[in-house]
Amino acid sequence: MGKGGEVSGDGAKVEEENMAAWLVAVNTLKIQPFRLPPLGPHDVRVRIKAVGICGSDVHHLKTMRCAHFVVKEPMVIGHECAGVIEEVGCEVKSLVVGDRVALEPGISCGHCKYCKGGRYNLCRSMRFFGSPPVNGSLANQVVHPANLCFRLPENVSLEEGQCVSPVVLRFMLAVMLL
1 MGKGGEVSGD GAKVEEENMA AWLVAVNTLK IQPFRLPPLG PHDVRVRIKA
51 VGICGSDVHH LKTMRCAHFV VKEPMVIGHE CAGVIEEVGC EVKSLVVGDR
101 VALEPGISCG HCKYCKGGRY NLCRSMRFFG SPPVNGSLAN QVVHPANLCF
151 RLPENVSLEE GQCVSPVVLR FMLAVMLL
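Numbered per the UniProt record's numbering, the sequence shown finishes at 178, counting up by one with no gaps.
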């Protein structure tokens, strides 16, 4: 989705335009520029290398909704993803540029009793990548909280890494239903 590392006629590096798949209407995706938010001190900028298409993405595409999440304005879809860290915020100590990571699609508040107790999956303020109003990961690059990016072992490909989220979520659902 876009080119990187280009050089202008005078030898200066040309900044890459970040492109993304925007859901703009029922059954209509458009590849358009996606302006990233500024990198916060606890964030990382990730070059996305693999994105899965989930059932919720298909629901959004076909009906502009999934459960109680209704798409009311153009939105970048996708949430099952993996990539390579290109920039780290000034307070990030656990990750470095070049790390290969899988991204947790659930974005917790980080401040409630559940988040502080290590059970961020129970956060009542949870938002999700690719579910309104949060843009997703079907883009060249995204900015994401560093604590929600998980380093992949060398023997796990980026394509396998993007599958981590749906596998873990299905396991958790199975455990809850027992």
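Each residue gets a CB set at the ideal place from its N, CA and C atoms; glycine is no exception.
For residue 42, the closest C-alpha among the options 51, 73, 89 is that of 89. By the C-beta density criterion, residue 37 is exposed, having fewer than 16 other C-beta atoms within 10 angstroms.
If only complete runs of 4 or more residues are kept, the UniProt domain "Alcohol dehydrogenase-like N-terminal" (40-154) shows the alpha helix (DSSP H) at 55-63, 113-116, in order along the chain. In the three-state reduction of the DSSP assignment, residue 158 falls in the helix class. The residue from 54, 135, 85, 139 with its alpha-carbon nearest to that of residue 150 is 85. DSSP lists 19 as the beta-bridge partner residues of residue 33. For residue 142 and residue 100, the gap between their C-alpha atoms comes out near 14 Å.
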